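Visitor: Using numbering that gives the first Met the number 0, you'd call the opening residue of the sequence shown number 0 and step up by one each time. Note that the Cβ used here is the ideal one computed from N, Cα and C, for glycine as well. All values derive from a computational prediction rather than experimental measurement. To start, I am sharing the structure in question, which I have written as structure tokens.
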Amino acid sequence: MRRRRQQERGGGVDEWIVTYSDLVTLLLTFFILLYSFSVIDIVKFRAFITSFQGSGVLDWSSSPLQERSPQDTQQPTEVTATPSEQEIPELEQVNQVNPLVEVYLAVQDFLQESGLDNLVEVRYEDRGIALDIKDRVLFDSGKADLRPEARQLLNKLSELLKRLPYQISVEGHTDNRPINTQEFPSNWELSAARAVRVVRYLVEHQGLDPRHFAAVGYGEHKPVVPNDSLENMALNRRVVIMIIARNPFADELNL
Numbered sequence: 000m001r002r003r004r005q006q007e008r009g010g011g012v013d014e015w016i017v018t019y020s021d022l023v024t025l026l027l028t029f030f031i032l033l034y035s036f037s038v039i040d041i042v043k044f045r046a047f048i049t050s051f052q053g054s055g056v057l058d059w060s061s062s063p064l065q066e067r068s069p070q071d072t073q074q075p076t077e078v079t080a081t082p083s084e085q086e087i088p089e090l091e092q093v094n095q096v097n098p099l100v101e102v103y104l105a106v107q108d109f110l111q112e113s114g115l116d117n118l119v120e121v122r123y124e125d126r127g128i129a130l131d132i133k134d135r136v137l138f139d140s141g142k143a144d145l146r147p148e149a150r151q152l153l154n155k156l157s158e159l160l161k162r163l164p165y166q167i168s169v170e171g172h173t174d175n176r177p178i179n180t181q182e183f184p185s186n187w188e189l190s191a192a193r194a195v196r197v198v199r200y201l202v203e204h205q206g207l208d209p210r211h212f213a214a215v216g217y218g219e220h221k222p223v224v225p226n227d228s229l230e231n232m233a234l235n236r237r238v239v240i241m242i243i244a245r246n247p248f249a250d251e252l253n254l
């Protein structure tokens with residue numbers, strides 16, 4: 000009698016498949032979110048997506064919840080695919096996970112085409128895309144007045160920044176050598192004044208929207224390398240134009 004009841008309930012989808020499918024979907028979503036918040040490497044990301052194709056996880060044309068016929072159960076078919084046979088997603092598909100990837104690549108191309116790649120370093124960070132400009136390009140030592148070369152550089156960068164629908168934080172940094180003048184009693188004032196000067200030039204002379212900008216001075220408190228040599232000190236003296244990644248929950252939080 001018990002065996003007959005089990006046979007009567009045995010038709011249809013195996014119950015464990017439902018739980019397994021939910022678990023796989025949740026794990027995939029979790030790891031994609033984690034990956035989207037990390038530094039993006041295009042090659043690794045494509046390999047990551049490719050590893051799921053052909054396994055039924057990212058194959059939306061079929062579902063692991065479809066009913067199986069007795070023939071399917073008794074005679075399973077093995078399907079193997081090598082990475083070279085699998086379709087690598089296009090950049091547009093990658094951008095659906097993190098749209099700043101496209102901006103990062105566009106910034107790289109722009110700097111190269113404009114001949115600025117030897118003056119501006121671009122990095123992808125958790126907060127967004129950072130454009131590092133060495134202070135010697137923008138300012139004289141201990142000063143916050145833009146050099147003529149700095150104006151030319153900012154004129155070119157403004158062509159890029161005008162097309163970006165993101166918040167932009169301009170951040171001043173110094174080395175750890177103290178300064179104590181009437182205009183700049185400390186590195187806080189110097190770094191903040193330099194950030195403000197860059198923002199004002201972009202807004203007042205290039206017509207960028209002031210609502211998209213913020214100016215921040217960090218002084219010597221966020222070095223990229225230790226201040227233990229003249230070369231390292233030069234690396235720490237910089238202005239960073241940070242293209243801020245939008246909070247994925249900003250709409251819900253009214254940010």
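(1) Report the CB separation of H172 from Y123 in whole angstroms; it is logged as a contact under 8 Å.
(2) Rounding to the nearest angstrom, what Cα-Cα distance links F212 and P147 in this structure?
(3) Looking at V197 and V136, is the spacing between their C-beta atoms short of 7 Å?
(4) Taking one C-beta from the stretch 175-191 and one from the stretch 151-161 each time, how about it: are there three or more such pairs within less than 8 Å?
(5) Between which two residues does the alpha helix (DSSP H) harbouring A194 extend?
(6) When the distance is taken between beta carbons, is A194 closer than 7 Å to V223?
(7) To the nearest angstrom, how far is the alpha carbon of L99 from that of I132?
(8) Quick check: what's the CA-CA separation for S185 versus S20?
(9) Pick out whichever of L189, D227, T24 has its Cα sitting closest to the Cα of D134.
(10) Rounded to whole angstroms, what is the Cα-Cα separation between A149 and I243?
(11) Would DSSP call V215 helix, strand or coil?
(12) Can you tell me which residues form a DSSP beta bridge with A129?
Guide: Taking the coordinates as given:
(1) Wrong, their Cβ atoms sit about 19 Å apart, outside the cutoff.
(2) 22 Å
(3) no
(4) no
(5) 186-203
(6) no
(7) 20 Å
(8) 59 Å
(9) L189
(10) Distance between the alpha carbons of A149 and I243 is about 23 Å.
(11) strand
(12) R122, M241
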